[in-house]
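Undergrad: In this note's numbering, the protein residues as written are 12 to 828. We put the CB at the ideal spot given by N, CA and C, even for glycine.
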Amino acid sequence: MFKLALKFLFSRKKWLILMIGSLAITIASVTSIFTASEAIKEALKVKAFDLYGEHTGILTGIYETKESLQKEANMVGEYQLIDTIIIDKDKLATIGWMDNNAIKLGHIKLLEGKFPKNDKEVAIESAYLQLIDDNWKIGQKRKIHINDKEVNVRLVGIIKNYSAQWSVPINLEKGVNDFPNIFISNKLSYTESKSKNFLIKFNGNNKKATEKMEHLLNKFNQKGMINEKLFNKGLIDYDTIFFLSITFQFLTLLLSLFCIVSLFSYFNIEQNHKIAVLKAIGSNKLKLYKIYFYQCLIIFLLSLIVAIPLQLVLHLLIIDQSFKQGTINTSNIFYLISVIAIWLFLIFIIIFFISTRSVKKSDRFSINELLSKQMDPSYLYDIFTKKFNLKSFTKKQLARQLFIYPKQLIFTILILCFTILLITFSIFIQKEAAGIWDTTQEYYLTSQETYGYETIDNFNVLKNQGLTFSVEDVKEIEKIPGILYIDKNPFMVDVHPLIHSNLITPSIRKWIEDYGSVDDLNNDKEIIPNVKYTIVNSEEFNEIYSGKEYKDFVGKILLYIPSNNRSSNDKELVGKKLSLIKKYKSNNGFETIQKDFEIFDVINKPLVKKIIDHHKIQNNEITIVLDEQTALKSGLFPGYNELGIYIQKNLSTREYENIDHKVTGLIATIPGSLFQNIPEFIKEDTKIYSLTGFLGILSFIVASILTVISIVIIVFSKYNLEKRNWGIYLSLGMNKKQIIKFLNLEIQTYLFISTIISSIIFIIGMIIINHIYPFSFYLKYFCLAILSISIFLIIGSVVLGKIIKNQSISSILRIVE
12 MFKLALKFLF SRKKWLILMI GSLAITIASV TSIFTASEAI KEALKVKAFD LYGEHTGILT
72 GIYETKESLQ KEANMVGEYQ LIDTIIIDKD KLATIGWMDN NAIKLGHIKL LEGKFPKNDK
132 EVAIESAYLQ LIDDNWKIGQ KRKIHINDKE VNVRLVGIIK NYSAQWSVPI NLEKGVNDFP
192 NIFISNKLSY TESKSKNFLI KFNGNNKKAT EKMEHLLNKF NQKGMINEKL FNKGLIDYDT
252 IFFLSITFQF LTLLLSLFCI VSLFSYFNIE QNHKIAVLKA IGSNKLKLYK IYFYQCLIIF
312 LLSLIVAIPL QLVLHLLIID QSFKQGTINT SNIFYLISVI AIWLFLIFII IFFISTRSVK
372 KSDRFSINEL LSKQMDPSYL YDIFTKKFNL KSFTKKQLAR QLFIYPKQLI FTILILCFTI
432 LLITFSIFIQ KEAAGIWDTT QEYYLTSQET YGYETIDNFN VLKNQGLTFS VEDVKEIEKI
492 PGILYIDKNP FMVDVHPLIH SNLITPSIRK WIEDYGSVDD LNNDKEIIPN VKYTIVNSEE
552 FNEIYSGKEY KDFVGKILLY IPSNNRSSND KELVGKKLSL IKKYKSNNGF ETIQKDFEIF
612 DVINKPLVKK IIDHHKIQNN EITIVLDEQT ALKSGLFPGY NELGIYIQKN LSTREYENID
672 HKVTGLIATI PGSLFQNIPE FIKEDTKIYS LTGFLGILSF IVASILTVIS IVIIVFSKYN
732 LEKRNWGIYL SLGMNKKQII KFLNLEIQTY LFISTIISSI IFIIGMIIIN HIYPFSFYLK
792 YFCLAILSIS IFLIIGSVVL GKIIKNQSIS SILRIVE
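(1) For Val-713, collect the residues of the same chain with a Cβ closer than 8 Å to its Cβ; drop the 5 residues on either side in sequence, then sort them by chain order.
(2) Quick one: is the Cβ of Ile-155 within less than 8 Å of any heavy atom of the ligand MN?
(3) Cβ atoms of Lys-593 and Met-503: under 9 Å apart, would you say?
(4) For Leu-308 and chain D, any beta-carbon pair shorter than 9 Å?
(5) For Ser-710, count the other beta carbons within 10 Å of its own beta carbon; 16 or more makes it buried, fewer makes it exposed. Which is it?
(6) Taking the CB atoms as reference points, tell me whether Tyr-651 and Val-547 lie closer together than 9 Å.
(7) Quick one: using the 10 Å Cβ neighbour count with 16 as the cut-off for buried, is Gln-408 buried or exposed?
(8) Cα-Cα, which of Lys-734, Arg-735 and Val-723 is closest to Tyr-761?
(9) Would you say Ser-684 and Gln-452 are within 9 Å of each other, going by their C-beta atoms?
(10) With a threshold of 7 Å on Cβ separation, who are the neighbours of Gly-446 within its own chain once the five nearest residues in sequence on each side are excluded?
(11) Mind checking Leu-20: buried by the 16 CB within 10 Å criterion, or exposed?
(12) Please name the residue or residues paired with Met-236 in a DSSP beta bridge.
(13) Within 10 angstroms of the Cβ of Lys-748, are there 16 or more other Cβ atoms? Answer buried if so, exposed if not.
(14) Which same chain residues end up closer than 6 Å to Gly-117 when comparing Cβ atoms and leaving out the 5 residues on each side of it in sequence?
(15) Can you tell me where the alpha helix (DSSP H) with Ile-38 in it begins and where it stops?
(16) Kindly provide the ranges of any beta strand (DSSP E) runs that are 3 or more residues long and lie completely inside the region 134-189, ordered along the chain.
(17) Output needed for Ile-143: all residues of its chain with C-beta closer than 6 Å, excluding positions within five of it in sequence on either side, in chain order.
(18) Starting from Gln-408, follow the alpha helix (DSSP H) in both directions and report where the run begins and ends.
(19) Are the CB atoms of Tyr-455 and Gly-655 within a distance shorter than 9 Å?
(20) Taking the alpha carbon of Asp-581 as the reference point, which residue from Leu-591, Asp-612 and Ile-555 has its own alpha carbon closest?
(21) According to DSSP, is Asp-468 helix, strand or coil?
(22) Are the region 165-182 and the region 125-140 in contact at 8 Å, needing three or more beta carbon pairs?
(23) Can you pull the DSSP bridge partners for Trp-108?
(24) Under a Cβ-count criterion, where at least 16 other Cβ atoms within 10 Å of its own Cβ denotes burial, should Gln-413 be classed as buried or exposed?
(25) Quick check on DSSP: helix, strand or coil for Tyr-556?
(26) Taking the alpha-carbon of Val-542 as reference, which of Ser-549, Tyr-556 and Leu-591 has the nearest alpha-carbon?
(27) Is Ile-568 closer than 9 Å to Leu-509 when the C-beta atoms are compared?
(28) Can you list, in chain order, the residues of its chain whose CB lies under 6 Å from that of Lys-240, leaving out five sequence neighbours each side?
(29) Let me know the secondary structure DSSP gives Asn-781 once reduced to three states.
(30) Near Ser-721, what residues of its chain come up, given a Cβ to Cβ distance below 6 Å and the 5 sequence neighbours on each side ignored?
(31) Using a Cβ distance threshold of 8 Å, determine whether the region 424-435 contacts the region 768-778, with at least three qualifying pairs required.
(32) With a Cβ-Cβ cutoff of 9 Å, do Ile-497 and Tyr-657 count as a contact?
(33) Check for me: the beta strand (DSSP E) holding Gln-629 runs from which residue to which?
(34) Less than 9 Å between the beta carbons of Val-674 and Ile-440, yes or no?
(35) Taking DSSP as the reference, what is the three-state secondary structure of Lys-418?
(36) In its own chain, which residues sit with a C-beta less than 6 Å from the C-beta of Val-619, not counting the 5 before and 5 after it?
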């Protein structure tokens, strides 16, 4: 039976090549989407672990043993904080140790040397080492204070910067709930402490792991936190990639099925006379099933061989056009092979099921009917011709061609519609989700992503004094060659402006009402909410204000009130007093700083800072401007918490690297901070949308090629089933050009109806769904999709025409006996 199946296949080589090619494309596209997605996910995981650690969360200051926690978690690493030392002005470095599990979970890497194992050995985080002593080399000794003792220690390792990138508690305090910057050996006697800190890892997907960590945190009264940066930044696209992978695998297979069904169905229809002959010589149903099984197996195995190189190309292409990075985890090979095997088995079962349908259908016909069966138009043909009163031969013939298989007519139109809309809406999702980036900013830095505060007497009081960028550090960055401008946001979230009730103007009153008023304050004063602060030096003052000298402004405040009320009497506030108040925690409880400032001037428009010729920054809030000297002396301004850095264009590689080095060095010693290289951030942020768009394009190309093949096969196969009628037409005077014209007309009808339906869906979708880009932007992609399919169909029509031209009238009229 195997040899017979092989002979049947190779007797129709063109069909065999077409089926192998189509099936190979299907296998390669489906499996490559899966393997590429898994490789991207693995690379994403490796990168996230290197940046934010592998731990699910941390527990701090708990009275528990590592052994007891290991019963609940999959992996536990212990670390301890011993002391802090001042290393540069107001910067602190935390001394501590980590055990091997903690180092492994944290993916903490050495730039040079080793981790300390013996007494008086230290390994120091790179950025902190530069501040302590940039000339301290491996093997050299220096004196540092540990627990109020001066200890002569040897540097044995330089650690890659890690602590600024990790998630930290909202109530961050150096030396209490951060991470070691100076590593010592955990064997030292003075490192023992009753309370302990742990890195905790739970296996499972992100949701299950975080749920388990939340349960553990609840058990220990929230003494710790979830590794939010790992899940909300590093692995934010992880589950989305899985969803996209599954979606496009099924979409590609679904669209490919149309081609597979068409190919195998019509191949088997034209093989009916062979079934009839086999039945005539006594073959039973089981033997017929064996023949079809072997045929499917041969086609499948040959397709698999062809698909392997194509799969590798598509695998690499998907990675290159999206995340650029992909790696296969060798420990995950069994899972990859298992999933691919399931897909291959599913595809094989589909083609075998399609093939065996022919055997089942053959039971309904006699041997003679199988040998000479002609297709009759369905009842829809009669309904259509009568309802639309079709009298011309051309219209009747086209209707006959369309309605021989009415189900396939509907299915073909739907598949074409879906293919056209697939690429359009894939690009729509890609572009809309990515948004429009319009910024000349190169870096964005924040000293604290999160901070906690409580409301006391209507004032926001920080739970811990926040970490900031000092004025001196920012000035050093401003001096770097190539720095164009730094937009500085002072950390004054706990500073509130108070104004006497009798000084409140209509525009300020409206502002208070819009953003929430606070009643019953002492001394008939009210808080002005949602206020922004700006600190300026003499040069910056002259850029935003003209008409008066900076020296006259020092010690006063400038008030910007964005108001459209031209009759506003805000200018009456000039010369009046405005209080700035800050309540904060100290060792003695809560203390208050209150300073009264004379209003230097009031400007009834938003504060605008000019960066470059065509780029400006506008503050739409009420903005209070203070001079730098007064702000520092007042105690209200500890430093900056946000910096937007703009650089000059056309910098040399050396100049850019110098800026990047200095900026990353500034952020590296501030735990809980955020560093964004904006161009790189945009690239990283849009990678998931690039993957969506490319998978849509890939699915569209595969679907277009296979759909066009299917349509050509359907048209040609129906032509073969009706070729005796066509032969009669030829004998009555019709020429082959007219036959080709009718077949092309059928193909064009499929495309025309599909275009109309998909256009309606596209227009309705554009009206209903809000979109950033204009309608015309997506219209060009929609038209391009239709044009692409049209080109494929034209190519198919040309091939079909050549085949028909090579057929003689006698071959068309001849009935197989």
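TA: Quick answer:
(1) The answer, listed in chain order, is Ile-36, Thr-37, Ser-40, Thr-263, Leu-266 and Ser-267.
(2) With respect to the ligand MN, the structure offers nothing, as it holds no ligand at all.
(3) Contact check for Met-503 against Lys-593 passes: the beta carbons are separated by less than 9 Å.
(4) In summary, chain D is missing from the structure at hand, where a single protein chain is found.
(5) Counting the other CB atoms within 10 Å of its CB gives Ser-710 a total of 16 or more, which places it among the buried residues.
(6) With respect to Val-547, Tyr-651 sits apart: the two C-beta atoms are not nearer than 9 Å.
(7) It is buried - the Cβ of Gln-408 has at least 16 other Cβ atoms within 10 Å.
(8) Looking at the Cα atoms, Val-723 is the closest of the given residues.
(9) Not in contact: Ser-684 and Gln-452 (Cβ atoms no closer than 9 Å).
(10) Around Gly-446: Ile-783.
(11) Result: buried.
(12) The secondary-structure analysis by DSSP pairs Met-236 across a beta bridge with Ile-69.
(13) Exposed, because fewer than 16 other Cβ atoms sit within 10 Å of the Cβ of Lys-748.
(14) For Gly-117, where only same-chain residues beyond five positions count, the Cβ hits under 6 Å are Gly-64.
(15) Per DSSP, Ile-38 is one residue of the alpha helix (DSSP H) stretching across 24-63.
(16) 152-157 and 160-170, all fully within the region 134-189.
(17) Around Ile-143, the same chain offers Ile-98 as residues with beta carbons nearer than 6 Å, after the five sequence neighbours per side are excluded.
(18) Its alpha helix (DSSP H) spans residues 404-414.
(19) Taking the C-beta atoms as reference points, Tyr-455 is found nearer than 9 Å to Gly-655.
(20) Measuring from the Cα of Asp-581, the nearest candidate turns out to be Asp-612.
(21) Secondary structure of Asp-468 (DSSP, three-state): coil.
(22) Touching, per the Cβ criterion.
(23) Listed as beta-bridge partners of Trp-108 by DSSP are Gln-91.
(24) The amino acid at residue 413 is misidentified as Gln; the sequence shows Leu. Classification for Leu-413: buried.
(25) Residue state, collapsed to three classes: coil.
(26) Cα-wise, what sits closest to Val-542 is Leu-591.
(27) No; because the gap between Cβ atoms is not below 9 Å, this pair is not in contact.
(28) Answer for Lys-240: Tyr-63 and Ser-178, listed in chain order.
(29) Assignment of Asn-781 by DSSP, reduced to helix, strand and coil, places it in the coil class.
(30) Apart from sequence neighbours up to five positions away, the residues of its chain that approach Ser-721 with a beta-carbon distance below 6 Å are Phe-269, Cys-270 and Ser-273, ordered along the chain.
(31) With the rule of 3 Cβ pairs closer than 8 Å, the region 424-435 counts as touching the region 768-778.
(32) Closer than 9 Å, so yes.
(33) Gln-629: member of the beta strand (DSSP E) spanning 626-630, first to last residue.
(34) No, the Cβ-Cβ distance between Val-674 and Ile-440 is not below 9 Å.
(35) Correct three-state label for Lys-418: helix.
(36) Once the five neighbours on either side are set aside, the close Cβ partners of Val-619 are Lys-627 and Gln-629.
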